[in-house]
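Sequential numbering of the sequence shown, starting at 20, is according to our numbering. For each residue, glycine too, the CB sits at the ideal point set by N, CA and C. Below is one structure, written out as structure tokens; the observations come after it.
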Amino acid sequence: EALTKVIEIHLQKEHWNKAIPLLERLELEGNFAENILFAQSNLMKGYYEAAKFTKAAAYAEKVLQQNKISKAVEYDAKIIIARTAYKTGDLQTAQEFYFTVEQNATGEVKAEALYFNAFFLNSNKEYEASNKTIQNLSANYSAYKFWGAKALVLMAKNYYSLQEVYQATYILESVIKNFSNFEEIVSEATTQLENIKKEEAKTNTSVKAKNK
């Protein structure tokens, strides 16, 4: 009981480097199934935060093998598997688990899953289906600005692949203007916009690529 309380203090402060050794100890020494599940579910999160993706996925699998876990814990484990699979290049597993998560997830996890499902549709050259998924994200999960911004950049890629250049450039300009707090996304949008302008300038003199 004392060990669990100490762990909870570290988790509240997100001190994963201090929490992980104690969680490992609790997994080994815990007398109750609830304590073991508590340890394993937080180890999968801690290892993910520490970018130890193989260990994170292994603990997520352990969690899913436990009896009588709540839906919330189940979806926590599945989203960890989806994220680690994507990070390690196992796109087939990532696609499978993001699709599963998206069916019943809520809130930001739903927005994340919708984004990645749109991403995989784009990868499969299903550009219109990808855009429909992004429209769902934008309409119903607009509170999650990060995923909304990333989805708009992806939508621009879809439109450009569909040869709708104006739509693509308009969306990218909108992202650059309205999402300045997400520097990495704005950088991606800026690079994509410049690439489009350079490509279009080859065949259309009315489109000018920015000189650097």
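- Nearest in C-alpha terms to T209, of all of A187, T222 and A220, is A187.
- DSSP, read as helix, strand or coil, puts T125 in coil.
- With respect to the 8 angstroms criterion, F116 and K97 are classified as neighbours on the basis of their beta carbons.
- F198 and V205 have their C-alpha atoms roughly 7 angstroms apart.
- Going by DSSP, Q85 is part of no alpha helix (DSSP H) at all; its letter is neither H nor E.
- By the neighbour-count criterion, in which a residue is buried when 16 or more other Cβ atoms sit within 10 angstroms of its Cβ, E203 is exposed.
- Excluding residues up to 5 positions away in sequence, L56 lie with their Cβ nearer than 6 angstroms to the Cβ of Q85 in the same chain.
- Between the alpha carbons of N150 and K87 lies a gap of roughly 37 angstroms.
- Sequence-distant Cβ neighbours of K221 in its own chain, meaning closer than 8 angstroms and more than five residues away, do not exist here.
- Ranked by how close their Cα comes to the Cα of L83, the residues N214, A162 and E93 have E93 in first place.
- If you look at Y66, you'll find it in the alpha helix (DSSP H) that goes A52 to E68.
- Taking all protein chains shown into account, Y160 has 16 or more neighbouring C-beta atoms within 10 Å of its C-beta and is therefore buried.
- DSSP, reduced to helix, strand and coil, places F165 within a helical segment of the structure shown.
- Runs of the alpha helix (DSSP H) lying entirely within the stretch 135 to 219 and spanning at least 4 residues, in chain order: 146 to 159, 164 to 180 and 184 to 197.
- When DSSP states are grouped into helix, strand and coil, T119 belongs to the helix group.
- Shortest Cα-Cα distance from F135 to any of T73, Y78 and A104 involves A104.
- Going by C-alpha positions, E207 is about 11 angstroms away from L171.
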